[in-house]
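Engineer:
Protein chains: 6
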Amino acid sequence: MPRNEGNTVPDSGTEVPRYAGSHHFFRGPSLEQVSNFDIALLGIPFDSGTSYRPGARFGPSAVRSASRHLRPGYHSELEISPFSVAQIVDAGDVAANPFDMEAAVVSIHQGASAILSTGASLVSIGGDHSIALPLLRAVVERKGPVALVHFDAHLDTWNSYFGASLTHGTVFRRASEEGLLIDDHSVHIGIRGPLYDRLDLVTDRRLGFQTITAFDLQRLGLAEVNALILKRVGDNPVYISVDIDVLDPAFAPGTGTPEVGGLSSRELLMLLRGLSNLNIVAADVVEVCPAYDSAEVTALAAATVAYELTTMIAGIRSR
Amino acid sequence: MPRNEGNTVPDSGTEVPRYAGSHHFFRGPSLEQVSNFDIALLGIPFDSGTSYRPGARFGPSAVRSASRHLRPGYHSELEISPFSVAQIVDAGDVAANPFDMEAAVVSIHQGASAILSTGASLVSIGGDHSIALPLLRAVVERKGPVALVHFDAHLDTWNSYFGASLTHGTVFRRASEEGLLIDDHSVHIGIRGPLYDRLDLVTDRRLGFQTITAFDLQRLGLAEVNALILKRVGDNPVYISVDIDVLDPAFAPGTGTPEVGGLSSRELLMLLRGLSNLNIVAADVVEVCPAYDSAEVTALAAATVAYELTTMIAGIRSR
Amino acid sequence: MPRNEGNTVPDSGTEVPRYAGSHHFFRGPSLEQVSNFDIALLGIPFDSGTSYRPGARFGPSAVRSASRHLRPGYHSELEISPFSVAQIVDAGDVAANPFDMEAAVVSIHQGASAILSTGASLVSIGGDHSIALPLLRAVVERKGPVALVHFDAHLDTWNSYFGASLTHGTVFRRASEEGLLIDDHSVHIGIRGPLYDRLDLVTDRRLGFQTITAFDLQRLGLAEVNALILKRVGDNPVYISVDIDVLDPAFAPGTGTPEVGGLSSRELLMLLRGLSNLNIVAADVVEVCPAYDSAEVTALAAATVAYELTTMIAGIRSR
Amino acid sequence: MPRNEGNTVPDSGTEVPRYAGSHHFFRGPSLEQVSNFDIALLGIPFDSGTSYRPGARFGPSAVRSASRHLRPGYHSELEISPFSVAQIVDAGDVAANPFDMEAAVVSIHQGASAILSTGASLVSIGGDHSIALPLLRAVVERKGPVALVHFDAHLDTWNSYFGASLTHGTVFRRASEEGLLIDDHSVHIGIRGPLYDRLDLVTDRRLGFQTITAFDLQRLGLAEVNALILKRVGDNPVYISVDIDVLDPAFAPGTGTPEVGGLSSRELLMLLRGLSNLNIVAADVVEVCPAYDSAEVTALAAATVAYELTTMIAGIRSR
Amino acid sequence: MPRNEGNTVPDSGTEVPRYAGSHHFFRGPSLEQVSNFDIALLGIPFDSGTSYRPGARFGPSAVRSASRHLRPGYHSELEISPFSVAQIVDAGDVAANPFDMEAAVVSIHQGASAILSTGASLVSIGGDHSIALPLLRAVVERKGPVALVHFDAHLDTWNSYFGASLTHGTVFRRASEEGLLIDDHSVHIGIRGPLYDRLDLVTDRRLGFQTITAFDLQRLGLAEVNALILKRVGDNPVYISVDIDVLDPAFAPGTGTPEVGGLSSRELLMLLRGLSNLNIVAADVVEVCPAYDSAEVTALAAATVAYELTTMIAGIRSR
Amino acid sequence: MPRNEGNTVPDSGTEVPRYAGSHHFFRGPSLEQVSNFDIALLGIPFDSGTSYRPGARFGPSAVRSASRHLRPGYHSELEISPFSVAQIVDAGDVAANPFDMEAAVVSIHQGASAILSTGASLVSIGGDHSIALPLLRAVVERKGPVALVHFDAHLDTWNSYFGASLTHGTVFRRASEEGLLIDDHSVHIGIRGPLYDRLDLVTDRRLGFQTITAFDLQRLGLAEVNALILKRVGDNPVYISVDIDVLDPAFAPGTGTPEVGGLSSRELLMLLRGLSNLNIVAADVVEVCPAYDSAEVTALAAATVAYELTTMIAGIRSR
């Protein structure tokens with residue numbers, strides 16, 4: 013893709029104070045401020061799929077606010093100036109109904125489809141993990157089934173909670189059952205913590221997932237884990253889903269179901285960068301729960317992950 | 013009622029440290045530890061009716077914990093030793109389904125009915141305010157319609173949110189429509205803050221409510237407001253519902269929809285005591301949202317209110 | 013002023029979740045979204061005039077966020093629907109230079125003038141109190157000298173700090189010296205705390221101020237204090253400046269120089285409403301320092317004060 | 013006492029930033045920096061007498077830090093410049109043994125005696141309330157028995173906790189038994205909350221105390237309560253003991269045993285000022301527990317109370 | 013041991029919300045709810061041995077609360093379903109006297125002995141580290157001297173503080189002197205931070221300890237450190253004592269004497285799992301101080317460590 | 013340097029509680045308490061060079077307070093008893109003017125020169141990073157140009173913010189331009205996060221810096237990075253500047269411009285120790301912003317770094 017002349021870029025942090033002005037992601041433009049765009053960040057403030065600490069409904073707002081910390085000009089590890097090579101916009105929030113999961117799923121699906129229908133790429137900011145189902149549906153409608161690269165402390169392939177089929181702990185079983193994921197090319201990274209049952213892992217494998225635990229990462233190292241992911245995914249279209257609880261609670265206390273023994277933010281960023289040559293079709297960052305955050309550390313981690321994903325996609329689109 | 017010989021009383025705070033031992037309300041017995049009881053405190057950890065900050069699902073647990081601060085032996089203003097004149101128990105929590113409002117309403121109704129069917133009085137600890145509908149249903153089934161004395165910053169008589177008929181902001185319109193409240197004997201105290209619409213107050217009056225705002229209280233004083241409430245209620249059976257946001261956010265920051273300009277905790281306690289001669293048939297304390305609390309001040313306020321209500325009912329029952 | 017047909021109004025809190033969508037004040041429109049407007053709220057994120065705890069630069073952002081709590085439709089005490097009788101907009105933030113007080117003063121002056129030149133009224137959200145000097149300059153240029161109604165714990169009429177003539181503690185001495193205030197019609201309300209020197213009060217009186225302390229308020233009551241303010245101000249054009257530290261730290265911990273013994277938020281709101289028949293030409297709310305806030309109580313108090321002031325001005329303009 | 017020429021005064025807050033320099037009380041001199049002194053503030057970081065939340069050992073350090081907020085030059089309500097009429101010093105901390113109550117009591121007694129033996133007045137900063145026993149012993153040794161004016165949520169006249177005779181809840185029973193208090197001239201103000209037993213109040217009265225509850229204050233008003241205290245105390249030498257939990261948790265969350273329904277800081281300051289003509293021989297401020305504080309509001313309240321007491325004593329000594 | 017038929021297992025987290033119901037460790041049964049048991053968790057809310065930040069008395073309560081996060085069904089790294097192979101119970105709290113160390117030591121000793129006398133294994137939750145002395149006494153009475161595997165930032169082998177022989181910093185010198193530890197088979201892991209004196213390490217070695225610092229761990233890696241521990245311990249009976257401050261303050265801020273440069277929670281969990289073939293006779297987790305915690309990260313780390321230890325012991329007992 | 017007989021040492025933490033007594037760095041003496049000294053710690057409470065979150069003006073006070081956690085007697089990794097081999101003092105704070113950068117720079121320069129002129133070494137505690145310019149000027153005046161070893165998340169070699177030439181993000185460009193740094197011997201360690209522009213790195217290299225990113229550290233390991241630093245620095249005189257944001261926000265949330273993906277505190281301490289044979293002429297620790305800290309973790313990290321640096325210098329001076 014040629015450089016998008018006339019891009020609307022973020023305000024300069026050396027000319028307009030970062031605590032002033034735009035509240036959009038990365039202090040960039042909103043969808044209304046541009047005529048066309050390449051990548052949209054979409055807020056999905058919805059947490060009715062939460063089993064423990066609720067509050068991820070405030071996630072998009074917190075991540076936008078924390079993204080003011082960043083200087084989005086140039087990513088020196090990826091060697092990309094994302095706003096130069098792509099028009100990136102904040103597409104606002106989906107007004108998902110907090111009292112009706114079914115209605116919310118429809119709204120999220122529609123919101124995502126509206127963006128994808130323009131040919132733009134989508135990076136969604138949750139919200140709890142249940143939002144990944146309508147997001148995957150919208151993506152798969154246009155791109156076909158995807159390989160899921162799933163960073164999380166939890167498998168999220170349980171069958172149901174309290175009789176509910178769609179929650180933040182069952183989302184990828186539903187996705188798998190609906191045929192949204194390519195068989196045997198998906199992978200969980202960062203899994204840890206006890207399980208409800210010994211069969212949880214068996215079921216998960218039968219659904220087509222490979223699991224790389226946080227402890228595997230400690231034993232194998234970053235390079236080896238990166239190779240495992242690349243091998244698993246192959247050249248399939250990829251959806252990256254980052255549950256911020258993949259990070260240790262030290263790095264991301266502001267989340268609904270924290271689990272000790274997790275990744276450092278440095279490990280997560282380096283693993284993500286190892287995926288920059290994949291065919292990434294969409295991505296999400298979910299489960300930021302600001303009421304439990306402290307000094308914005310979780311929201312900042314999520315904003316940085318969103319920036320990584322956005323920059324990676326900008327790089328892919330501009331090749 | 014004669015003194016209930018053989019009462020199981022709370023552990024002595026001068027013999028067993030208050031940070032050790034029982035986690036039940038007021039460090040008293042659980043329902044399983046007694047053969048019969050006069051008053052039950054019931055936790056209702058449910059917050060799927062919340063429109064803004066969720067988290068009242070952790071309310072019962074926080075109020076139990078904060079109730080360890082209290083020395084429940086003797087209430088010197090009411091001159092009652094509640095555990096001496098009544099067997100008070102912690103009836104545990106209703107396991108309300110967070111993903112299904114309808115199922116939750118049924119569970120709460122059943123949980124309350126199970127207690128009321130023994131002849132005991134019920135003090136419920138929420139949870140968001142939507143729980144008051146099934147609680148009122150259970151109470152009215154046994155006692156007939158009630159006069160509602162409602163302490164709150166908000167009317168809670170809106171019609172619907174996002175199409176949902178039962179939420180924490182619509183609960184008393186539903187109650188009124190179902191005939192659970194005696195016409196023209198209910199009253200809101202502590203109302204303040206802007207409204208969605210000029211008609212909100214008109215509708216509210218048409219539903220049979222009188223409104224005493226927080227500013228009325230400032231102008232009229234405690235004694236006058238107490239007289240207004242007593243006059244409004246008459247000798248009808250009374251249900252007292254205390255939304256902790258009736259307190260100013262200074263006194264109760266840990267709630268979902270705080271509103272400045274509210275009551276002090278001293279005002280609330282004195283207003284409640286002024287109701288101690290009413291025919292109180294049940295009560296609730298709702299909307300404690302611990303994630304926004306600080307040093308337990310909100311949970312402690314709620315625990316103290318629960319203790320006031322429990323003591324008042326103990327006094328009424330023992331007359 | 014006739015009702016401004018075609019007003020752009022805030023999103024409905026019963027249709028779009030309040031934690032989603034607009035981040036503008038009261039969830040209303042931005043200046044860009046309307047063709048003309050009656051009242052503008054202007055953020056002034058500047059705190060280089062702070063002597064103790066800095067951080068009021070994050071005030072406008074925090075007040076915007078907290079204003080999502082409000083339902084701005086109808087003010088039932090003032091009996092005004094502000095967005096129906098006036099077009100209210102969020103005019104964004106002045107990009108004041110944090111490293112150059114002189115440059116910042118010019119930017120703020122220009123930002124305010126740009127709004128006032130349209131004939132609109134201005135409600136500014138700070139920022140530390142030093143911003144009141146350029147704001148007064150801009151107002152006085154168009155309206156002539158004003159009577160200042162100043163709610164604050166501190167006089168803010170000291171001469172200098174560390175040799176600096178303009179700081180948040182000297183702002184009204186500068187204003188007085190520049191002739192921006194009408195002689196003997198200005199008043200401080202809420203003053204308390206020890207002073208640097210016995211002469212501070214003498215100087216202050218000589219500069220033309222009357223002082224009503226927080227303790228005077230306790231002794232005299234709200235009605236009497238309101239009468240004193242009205243008498244002092246007369247029918248002069250009025251500038252209302254609310255330093256959020258006029259509230260007790262219990263009600264507003266998130267501020268730079270808290271002082272115990274202050275007003276409750278109920279007192280402040282009622283005092284403000286008592287001024288609704290004055291000729292208010294502009295107003296500000298300053299000194300919200302979010303890093304010291306807890307559960308948004310201070311930001312919410314400031315947002316509510318801003319809503320009061322905005323509604324009062326809407327009422328005055330629509331008469 | 014004539015004005016003490018050559019006083020060492022606090023650093024000027026307009027010349028040396030208040031966040032820099034001296035960490036002594038009110039940014040004044042330490043005992044080592046002056047040749048003689050009139051009033052000493054003594055830190056007593058000891059909390060081994062605490063029954064619930066420990067941590068008052070960090071009280072003196074937090075109150076010193078918070079006292080930097082104050083401008084100690086001139087008290088405009090009392091019309092006294094305390095550092096001009098008296099040499100006020102920070103006498104440091106007593107190194108009380110946290111593992112041995114008996115040894116700690118001896119150290120505190122000695123520390124206080126060392127100051128009193130110079131003829132200076134003593135204002136002690138706790139620490140938990142158990143420290144008042146050795147403080148009273150030291151005072152009474154020199155001045156004879158005193159009338160106690162005791163601001164607190166709790167009576168502190170229980171008999172024992174877990175068999176221990178001296179704790180923060182039994183301190184004034186011990187003081188009474190030792191004859192440190194003049195019969196029938198002591199008074200508790202601010203009492204509230206439930207009691208262990210109906211007899212607690214009877215015992216308390218028998219020990220010679222009058223009780224003015226927080227609710228009495230609401231009913232009677234400040235002027236009437238002040239009159240009651242003055243009448244009770246008469247012209248006896250007075251020891252003022254302020255447990256910071258006399259304030260409502262909204263105003264003082266950072267304390268070990270908070271109790272809702274308490275005083276506002278404005279009420280407390282005005283009650284104290286009403287005592288400025290008494291024969292105050294010593295005073296303490298206790299039970300600040302910084303781990304539960306927020307934005308220093310509790311420590312600032314305590315520092316302000318300490319400043320009031322110090323200024324009152326300076327006024328008395330300079331008459 | 014064969015599977016204990018009729019086990020009482022924790023409530024299912026997919027049927028009863030984890031924020032509702034049981035407050036026992038891991039949401040399992042209390043001692044009263046079972047007829048016999050294999051492993052007991054015992055709370056020891058005692059912190060009178062603390063030299064700096066007190067508050068570990070609230071540790072057991074916080075760890076119980078945080079253990080609701082866990083899904084205790086199946087430990088996938090150890091491949092054990094602990095509640096299937098062993099009856100695990102919450103034995104409640106020892107009511108240790110906060111005002112009398114000697115009495116507290118007796119109570120703790122008796123509490124532990126009562127459990128051990130049934131043949132069950134004991135996992136204790138503190139409380140400060142001084143509790144390890146009576147725990148070791150009770151264990152050694154039944155099992156003979158033990159090899160201590162001690163995870164901590166500090167040696168805890170100092171001689172005395174302020175003349176006190178038993179504090180949280182002297183506990184293992186006392187244990188060594190009493191012959192509770194097998195000579196030359198004990199090991200500290202995670203030591204760091206400056207020492208009082210150069211001789212501290214010499215004395216420590218003479219008492220029979222080996223020291224593996226946090227920096228040794230960085231240099232040697234997990235596998236090598238695990239080998240060192242196994243070699244040191246041999247096949248002796250092992251007591252594992254985990255001071256939560258072995259973790260870096262990033263992972264465990266809520267503790268009394270934090271020390272930077274510590275372990276990550278992932279490192280700690282993996283080191284513990286490396287010990288799963290040892291002859292573990294008892295264990296403790298101490299020094300959780302909730303007042304300094306944030307979003308439960310410390311309490312959750314401690315609960316997870318307690319779950320690891322419990323599962324390891326369940327595995328050992330079921331072989 | 014021979015052992016400094018008659019040194020004044022910190023209070024013993026086993027005799028005087030660490031929460032009592034001295035508030036000086038490491039609980040050691042102040043400058044006034046000794047006749048001469050070898051190393052001075054100097055507080056520089058100044059933050060007017062801050063571009064985002066202000067508040068580092070409270071850094072020196074917080075670091076002093078947190079340094080009470082340490083037992084400064086013996087550094088077992090470096091095998092040095094710093095207070096035995098050198099007289100270490102707290103030189104208090106520079107009273108830098110918060111309203112005038114130029115004046116502040118002069119004050120800081122003078123404050124540092126006054127210490128250096130005695131022949132003592134200087135460890136400065138900020139304050140924001142802009143203070144490093146006057147500090148370097150003072151050092152270079154006496155020692156000539158230095159090699160800078162700069163631990164930071166950011167380059168701090170930007171040209172200007174809002175037209176200001178000296179801010180915390182431009183300080184080392186100014187230093188380089190002034191010839192304060194030896195060409196091609198300086199190094200940044202820990203750099204990460206996006207940049208304003210692709211040229212930022214080019215400019216930085218042209219100014220004579222080498223950059224070792226946080227990700228380089230992950231890839232190369234501690235030993236390799238240490239070798240790189242030693243090679244870069246050679247045997248030149250070294251100034252070590254530690255911006256606490258070199259640590260990940262998990263380890264240091266309390267800072268103005270946090271950046272995820274940073275160092276652990278263990279990594280930082282080990283890297284520092286690897287420099288203990290360098291010719292260190294001065295050092296600073298900056299950017300601790302306590303308002304965003306939690307449980308003192310950031311301040312404790314900074315205090316520990318200051319202790320490392322002080323001990324290293326003590327070792328160098330005593331050789």
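Residue numbers (my numbering), protein chains in the order written: chain A, 13 to 331; chain B, 13 to 331; chain C, 13 to 331; chain D, 13 to 331; chain E, 13 to 331; chain F, 13 to 331. Cβ coordinates follow ideal geometry from the N, Cα and C atoms, glycine included. Small disclaimer: the values here were computed from a predicted structure and weren't measured.
Which residues, in order along the stretch 21-39 of chain F, keep a beta-carbon less than 8 Å from a beta-carbon of chain D?
Structural biologist: The stretch 21-39 of chain F vs chain D, Cβ under 8 Å: E27, V28, P29, Y31, A32, G33 and H35.
Engineer: Taking Cβ-Cβ distances below 7 Å as the criterion, which residues of the stretch 151-173 of chain E are in contact with chain A?
Structural biologist: Taking 7 Å as the Cβ-Cβ cut-off against chain A, none of the residues of the stretch 151-173 of chain E qualify.
Engineer: Spatial neighbours of D:P14 within its chain, please: C-beta separation below 7 Å, excluding the five flanking residues on both sides.
Structural biologist: Translated into positions along the fourth sequence, residue 14 of chain D becomes position 2. With a pLDDT of 37 at D:P14, under the threshold of 50, the modelled position of that residue is not reliable, and no figure is offered here.
Engineer: What whole-angstrom Cβ distance do F:I127 and F:F163 have, given they're in contact under 8 Å?
Structural biologist: In the sixth sequence, the residue the question calls residue 127 of chain F occupies position 115. In the sixth sequence, the residue the question calls residue 163 of chain F occupies position 151. Contact flag wrong, Cβ pair sits at about 23 Å.
Engineer: Report the CB separation of C:D247 from C:E299 in whole angstroms; it is logged as a contact under 8 Å.
Structural biologist: Your numbering for residue 247 of chain C matches position 235 in the third sequence. Your numbering for residue 299 of chain C matches position 287 in the third sequence. About 29 Å; that fails the 8 Å criterion.
Engineer: Does D:R185 pass the burial test, meaning 16 or more other C-beta atoms within 10 Å, or should it be called exposed?
Structural biologist: Residue numbering aside, residue 185 of chain D sits at position 173 when the fourth sequence is read from its first letter. So D:R185 counts as buried.
Engineer: Cα-Cα, which of D:G40, D:S47, D:L54 and D:Y86 is closest to D:T323?
Structural biologist: Translated into the one-based positions of the fourth sequence, residue 323 of chain D becomes position 311. With distances taken between Cα atoms, D:T323 lies closest to D:Y86.
Engineer: For C:A315, go through chain A and note every residue whose CB falls closer than 7 Å to its CB, in chain order.
Structural biologist: In the third sequence, counting from the first residue as 1, residue 315 of chain C sits at position 303. Neighbours of C:A315 on chain A: none; closest Cβ ~15 Å, over 7 Å.
Engineer: For C:R217, count the other beta carbons within 10 Å of its own beta carbon; 16 or more makes it buried, fewer makes it exposed. Which is it?
Structural biologist: Counting from 1 along the third sequence, the entry for residue 217 of chain C is found at position 205. Result: exposed.
Engineer: List the endpoints of the continuous beta strand (DSSP E) containing F:P249.
Structural biologist: Within the sixth sequence, the letter at position 237 stands for residue 249 of chain F. First-last of the beta strand (DSSP E) with F:P249: P249 to D255.
Engineer: How many angstroms separate the CA atom of C:V214 from the CA atom of C:A176?
Structural biologist: Translated into positions along the third sequence, residue 214 of chain C becomes position 202. Translated into positions along the third sequence, residue 176 of chain C becomes position 164. C:V214 and C:A176: Cα-Cα distance of roughly 22 Å.
Engineer: Any beta carbon of chain B sitting closer than 8 Å to that of A:G67?
Structural biologist: Taking the first sequence and counting its residues from 1, one reaches residue 67 of chain A at position 55. So, interface residue.
Engineer: Could you say which of E:A307, E:F37, E:A239 and E:C301 lies nearest to E:V135 if we only look at CA atoms?
Structural biologist: Numbered from its first residue, the fifth sequence carries residue 135 of chain E at position 123. Among E:A307, E:F37, E:A239 and E:C301, the Cα nearest to that of E:V135 belongs to E:F37.
Engineer: Considering D:A311, what are the terminal residues of the alpha helix (DSSP H) in which it resides?
Structural biologist: Indexing the fourth sequence from 1 puts residue 311 of chain D at position 299. Note, D:A311: alpha helix (DSSP H), V309 to R329.
Engineer: Report yes or no: is there a C-beta of chain B within less than 8 Å of the C-beta of A:Y251?
Structural biologist: For the purposes of this step, residue 251 of chain A is identified with residue 239 of the first sequence, where counting begins at 1. Taking Cβ atoms only, chain B never reaches closer than 8 Å to A:Y251, which makes this a no.
Engineer: Run through chain F and tell me which residues come within less than 8 Å of C:F111, C-beta to C-beta.
Structural biologist: Here residue 111 of chain C refers to the residue found at position 99 when the third sequence is read from its first residue. Result: S60, G61, M113, Y173, F174, G175, A176 and T179.
Engineer: Could you name the residues of the same chain whose beta carbon sits closer than 8 Å to that of F:R329, not counting the 5 residues immediately before and after it, in chain order?
Structural biologist: Position 317 of the sixth sequence, counted from the first residue, corresponds to residue 329 of chain F. Taken in chain order, the residues that qualify are M13, D50, I51, V97, A98 and S133.
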